[in-house]
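Here the protein sequences line up with chains R and B, keeping their order. The letter at position 73 of the first sequence is residue 73 when you use this note's numbering, and the numbering goes up by one with no holes. The letter at position 156 of the second sequence is residue 156 when you use this note's numbering, and the numbering goes up by one with no holes. Ideal placement from N, C-alpha and C gives every residue a C-beta, glycine not left out.
Number of protein chains: 2
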Amino acid sequence: MAMTHDVLGFTVGTAAAGVRDGTPSRTDVALIASDRICAAAGVFTTNQVIAAPCVVTRRHLEQGRLRGIDVNSGNANACTGEQGERHAVMMARAAAQRIGCDPYEVAVASTGVIGVPLPVERIMKAVKGIGLRPGEWSDVAKAIMTTDTKPKLLGVELPLRAGTVHVRGVAKGAGMIHPNMATMLAFVMTDADVEVSALRHFVRHASERTFNAISVDGDTSTNDTLLVLANGASGVKPEGDELAQFANVLEGVCETLAREIVADGEGVTKVFEVSIRGAETAEDARRAARTVTTSSLVKTAIHGSDPNWGRILAAAGRSGAKVDQTHASVRIGEVVVFAAGAPRPLDRDAVRRVFDRKEIPIEVDLGVGAETARAWGTDLSEEYVRINADYTT
Amino acid sequence: MAMTHDVLGFTVGTAAAGVRDGTPSRTDVALIASDRICAAAGVFTTNQVIAAPCVVTRRHLEQGRLRGIDVNSGNANACTGEQGERHAVMMARAAAQRIGCDPYEVAVASTGVIGVPLPVERIMKAVKGIGLRPGEWSDVAKAIMTTDTKPKLLGVELPLRAGTVHVRGVAKGAGMIHPNMATMLAFVMTDADVEVSALRHFVRHASERTFNAISVDGDTSTNDTLLVLANGASGVKPEGDELAQFANVLEGVCETLAREIVADGEGVTKVFEVSIRGAETAEDARRAARTVTTSSLVKTAIHGSDPNWGRILAAAGRSGAKVDQTHASVRIGEVVVFAAGAPRPLDRDAVRRVFDRKEIPIEVDLGVGAETARAWGTDLSEEYVRINADYTT
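See the structure below:
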């Protein structure tokens, strides 16, 4: 799946608008445009305190058709009262003017400080003057960064019988982190020709298994946004088996971006993957996986390289999932630490080698059924506390 | 409500059985006995990975009648396979022999390391030799401590028309902490004459509003137990208004013990109380209160004395409770930091004074209804991470 050509029919541009404090020291506005109308689907934060750009974009997505995405970093346009929505619409209008389309065909996204009015005039001016070119996706990835330490992007191609389709993903970090909260933004563009209804289904399914299965600190931002645009510029329309193949590639792109986001969380020194097996229902598996990844006691144990099966099992046990402790088992890497209701003698060297890995695999068998789920989490470090306690409003 | 006489008809005793490692260096077994049968009710951990003593005590409580409680620290008898239940029953039998009652009239509770077989012979021997005397409740509170830094107990008396009834509470700390997990144990004894059905109702209600509303690290232990015993030795049977008064006193005792447990959590430097107002439903209020107290970002902000309304509001917003952000408000102590959808200018000195208090009051109005709830939480400190990461199994 190496990239030879990029997604066809898309152009991008960035600008330094000085969103944060009026000083244009870094790029902080990006525009993504398609030369034709795209089938589009999205998933937004479930937080009841939802930011204005999410409200506006959700409305624009009702038709399932977009021409572009207008995004800024430096200011989240969240908790900004009634003017927030007005400003988000103004951003969409400026982008529509630049692209040459209807404002309802533009999605907007913002990330950065909350509770501060958006400097919308500066953003509009920058957007109107942006130069659009194909292929500069790393510029987009950089412009949307806030506390991320590296840009997150990836491109894959999928050869199908009628030709090759391309999928491009760009994202920025999760975790409601310094200064007030950061946001997960992820945009996926493809030149495959896909119906809106199918795309909506794929996006819901993929986000549930990827972006919704990661956690840095258990908090959900007010601005989280995933958008997927399919413009059909490849002339290839996957159907039947090939549509399933396309859905898998789409999920793979989401998973890669999601794991990059986890690994780049602030104060993160270790990442772990929890695989649940033997659950009675898929919902039980999902719950158990996510409860283990968000448990403070598991996260501190991971930080201390402690194979603490007691905390892992207890987290699964309180998740609401059914657990049969006499048939449950816990494995850290290849090392079985708990089986058949009792702890196993510990091979400390083998465990130590697992904790030295880039991503620590933890498998918990609940011992009651056949359903599975995965989730990804991060350790809880003194550094995390320091970063999040030191900021003063 | 000062204490002049203690609960009538109860005697207690403690012993040093060397539960942890065979060395009897501290008291680690306690027996609570009533001279007559008590109406009894309890609440146990909802963790699916439930410890053997909880399973056995739940069974013994089905009749709603107990004569005593046999408890040990140093070993939780959790994740100990099939022999765990056998050992818990053996504890009950030894206590029944000492008290002179049926084993089904004894509740057992254990707290300490998990995954290690209970040294039940040592405990049985100690229980059989225990001397029972009235009034030595602080000995009981000390014997059940694990990582607690101080014993937790309190006694209140309630003068009623037909005479005075007494309520005595003893508890140990929450938080699944070093070495593997600690446990919340709380025992409340009264000499009031109360029907089992009423007592069960009061206990469920009180625990929901007190012990279930506290969180040190969001994890639920495998051994959590609350037991309430009413032996009627005062000869006073509260009815009507006086029964409601008794229920209030019972809840007050539970709330005091619960707040002491929070304040004594390991690595805790600050405690905060979250009051939710303006919720649409009681369930919404409850959820919002607990989500704010368990948010890592709120907990680190509290640690850093940061009046971070953004994190508080976002935690309430992701709890599932309905929030109208244009009518929501956040108050820290007396200082309104967010109102009518927008942040307020900050009086830093006033806020600093609030953060210097022993318990920091935070009030969040969700702006949609009239329901309220409270919950208590702790800050997240570097010390907490250090304590919980340093332990190696």
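Are the C-beta of GLU397(R) and some C-beta of chain B separated by less than 8 Å? The requested residue 397(R) is not part of the displayed model; chain R covers only 1 to 393.
Would you kindly report the start and end of the unbroken beta strand (DSSP E) that includes SER329(B)? Along the second sequence, read from residue 1 onward, the residue named residue 329(B) stands at position 329. Unbroken beta strand (DSSP E) run through SER329(B): 329-332.
Members of the stretch 304-335 of chain B near chain R, C-beta cut-off 9 Å: GLY304, SER305, ASP306, PRO307, ASN308, TRP309, GLY310, ARG311, LEU313, ALA314, ALA315, ALA316, GLY317, ARG318, SER319, GLY320, ALA321, LYS322, VAL323, ASP324, GLN325, THR326 and ALA328
Cutoff 8 Å: ARG386(R) Cβ touching any chain B Cβ: In the first sequence, counting from the first residue as 1, residue 386(R) sits at position 386. Judged by the 8 Å Cβ criterion, ARG386(R) is in contact with chain B.
Check whether the Cβ of VAL292(B) lies closer than 8 Å to any Cβ atom in chain R. One-based indexing of the second sequence puts residue 292(B) at position 292. Not closer than 8 Å to any Cβ of chain R, the Cβ of VAL292(B) fails to qualify, so no.
Would ILE261(B) and GLY173(B) be called neighbours here (beta carbons separated by less than 8 Å)? Reading the second sequence from its first residue, position 261 is the one you call residue 261(B). Reading the second sequence from its first residue, position 173 is the one you call residue 173(B). Yes.
Tell me whether HIS178(R) sits in a helix, a strand or coil according to DSSP, three-state version. Here residue 178(R) refers to the residue found at position 178 of the first sequence. Note that HIS178(R) has pLDDT 35, beneath the 50 cutoff, so the model's placement of it is unreliable and no number is given.
How close, in whole Å, do the beta carbons of GLU280(R) and GLU371(R) come, if the pair is a contact with beta carbons under 8 Å? In the first sequence, counting from the first residue as 1, residue 280(R) sits at position 280. In the first sequence, counting from the first residue as 1, residue 371(R) sits at position 371. Rounded, the Cβ-Cβ distance is 7 Å, consistent with contact.
Could you name the residues of chain R that VAL49(B) contacts, counting a contact when the two beta carbons are closer than 7 Å? Taking the second sequence and counting its residues from 1, one reaches residue 49(B) at position 49. LEU313, ALA314, GLY317, VAL323 and GLN325, listed in chain order.
Reduced DSSP secondary structure (H/G/I, E/B, other) of ALA17(R): Within the first sequence, the letter at position 17 stands for residue 17(R). Coil, per DSSP.
For GLY169(R), write down the residues that DSSP places opposite it in a beta bridge. On the first sequence, residue 169(R) is found 169 positions in, with the first residue counted as 1. Looking at the DSSP assignment, GLY169(R) forms a beta bridge with LEU154(R) and VAL188(R).
Measure from the C-beta of ASN180(R) to each C-beta in chain B and report whether the shortest distance is under 8 Å. On the first sequence, position 180 is the one that residue 180(R) refers to. Since pLDDT at ASN180(R) reaches only 41, below the 50 mark, its modelled position is unreliable, and no value is offered.
Determine, for CYS101(R), whether the minimum Cβ-Cβ distance to residues of chain B falls below 8 Å. For this step, residue 101(R) is matched to residue 101 along the first sequence. Contact of CYS101(R) with chain B is not assigned, every C-beta pair being separated by 8 Å or more.
I need the DSSP call for THR183(B), collapsed to helix, strand or coil. Taking the first residue of the second sequence as 1, we reach residue 183(B) at position 183. Note: THR183(B) maps to coil in three-state DSSP.
Rounded to a whole number of angstroms, what is the C-alpha to C-alpha distance between ALA394(B) and VAL323(B)? Within the shown structure, residues of chain B are numbered from 1 to 393, placing residue 394(B) beyond reach of any answer.
Beta bridge counterpart(s) of SER110(B) as assigned by DSSP: The residue given as residue 110(B) occupies position 110 in the second sequence. The partner list for SER110(B) (beta bridge, DSSP) reads ASN72(B).
Which residues in the same chain as SER263(R) place their Cβ atom closer than 7 Å to its Cβ, once the five residues preceding and following it in sequence are excluded? Position 263 of the first sequence, counted from the first residue, corresponds to residue 263(R). Here residue 263(R) is Ala; the residue named in the question, Ser, does not match the sequence. Same-chain partners within the cutoff: VAL271.
Quick check on this structure: which residue in ALA171(R), GLN48(R), ALA126(R) and LYS128(R) has the alpha carbon closest to the alpha carbon of TRP137(R)? Walking along the first sequence from the start, residue 137(R) turns up at place 137. Measuring from the Cα of TRP137(R), the nearest candidate turns out to be ALA171(R).
Straight-line Cα distance separating ALA126(B) from ARG93(B): Walking along the second sequence from the start, residue 93(B) turns up at place 93. Walking along the second sequence from the start, residue 126(B) turns up at place 126. ARG93(B) and ALA126(B) have their C-alpha atoms roughly 13 Å apart.
Hey, how far is the Cα of GLY163(B) from the Cα of ALA389(R)? As a first step, residue 163(B) must be located in the second sequence, where it is residue number 163. As a first step, residue 389(R) must be located in the first sequence, where it is residue number 389. The straight-line gap from Cα to Cα measures roughly 53 Å.
CB contact check: CYS54(R) to chain B, cutoff 8 Å: Position 54 of the first sequence, counting from 1, holds the residue named residue 54(R). Closer than 8 Å: no.
Around the Cβ of GLU359(B), are there at least 16 other Cβ atoms within 10 angstroms (buried) or fewer (exposed)? Taking the second sequence and counting its residues from 1, the one referred to as residue 359(B) is at position 359. With fewer than 16 other Cβ atoms within 10 Å, it is exposed.
For a cutoff of 8 Å on Cβ pairs, would you count GLY278(R) as touching chain B? Start at 1 with the first residue of the first sequence, and residue 278(R) comes out as number 278. Not one chain B Cβ lies under 8 Å of GLY278(R).
List, in order along the chain, the chain B residues whose C-beta lies closer than 8 Å to that of ALA350(R)? The sequence position of residue 350(R) within the first sequence is 350, counting from 1. Those do not exist, as ALA350(R) stays about 13 Å from chain B at its closest Cβ, beyond 8 Å.
Report the rounded CA-to-CA distance for ARG352(R) versus SER215(R), giving the unit in angstroms. Residue 352(R) sits at position 352 when you count from the first residue of the first sequence. Residue 215(R) sits at position 215 when you count from the first residue of the first sequence. One C-alpha to the other measures close to 24 Å.
Are the C-beta of ILE114(B) and some C-beta of chain R separated by less than 8 Å? Within the second sequence, residue 114(B) is the residue found at index 114, counting from 1. So, interface residue.
Counterpart residues of TRP376(B) in DSSP-defined beta bridges: Translated into positions along the second sequence, residue 376(B) becomes position 376. ILE214(B) and GLU273(B), per the DSSP bridge assignment.
The alpha helix (DSSP H) spanning VAL7(R) covers which residue range? The count along the first sequence starts at 1 and reaches residue 7(R) at position 7. Unbroken run through VAL7(R): none, as it is neither H nor E.
Using a Cβ-Cβ cut-off of less than 8 Å, list which residues of the stretch 360-373 of chain B approach chain R; keep chain order. none
Counting along the chain, where does the alpha helix (DSSP H) carrying GLY42(R) start and finish? As a first step, residue 42(R) is located in the first sequence; it is residue number 42 there, counting from the start. Run containing GLY42(R): none in the alpha helix (DSSP H); it sits in the beta strand (DSSP E), 29-44.
Less than 8 Å between the beta carbons of VAL113(B) and ALA76(B), yes or no? Looking up residue 113(B) in the second sequence gives position 113. Looking up residue 76(B) in the second sequence gives position 76. Result yes, Cβ atoms of VAL113(B) and ALA76(B) sit closer than 8 Å.
Relative to the alpha-carbon of ILE69(B), which residue among GLN48(B), CYS79(B), VAL335(B) and GLY100(B) has its alpha-carbon at the smallest distance? The sequence position of residue 69(B) within the second sequence is 69, counting from 1. Ranking the options by Cα distance to ILE69(B), first place goes to GLY100(B).
Looking only at C-alpha atoms, which of SER329(B), VAL56(B), VAL108(B) and LEU297(B) sits nearest to ASP71(B)? Here residue 71(B) refers to the residue found at position 71 when the second sequence is read from its first residue. The residue you asked about is not Asp; residue 71(B) is Val in the sequence shown. Measuring from the Cα of VAL71(B), the nearest candidate turns out to be VAL108(B).
Alpha carbon to alpha carbon, how far is THR378(B) from ARG290(R)? If you number the second sequence from 1, residue 378(B) lands on position 378. If you number the first sequence from 1, residue 290(R) lands on position 290. Taking the straight line joining both Cα atoms gives about 22 Å.
Say whether chain R places a C-beta atom closer than 8 Å to the C-beta of CYS38(B). Position 38 of the second sequence, counting from 1, holds the residue named residue 38(B). Closer than 8 Å: no.
Can you name the start and end residues of the beta strand (DSSP E) that THR230(R) belongs to? As a working mapping, residue 230(R) is identified with position 230 in the first sequence. Position check: residue 230(R) holds Ala in this sequence, whereas Thr was assumed. Looking at the DSSP string, the run of the beta strand (DSSP E) that includes ALA230(R) is 225-230.
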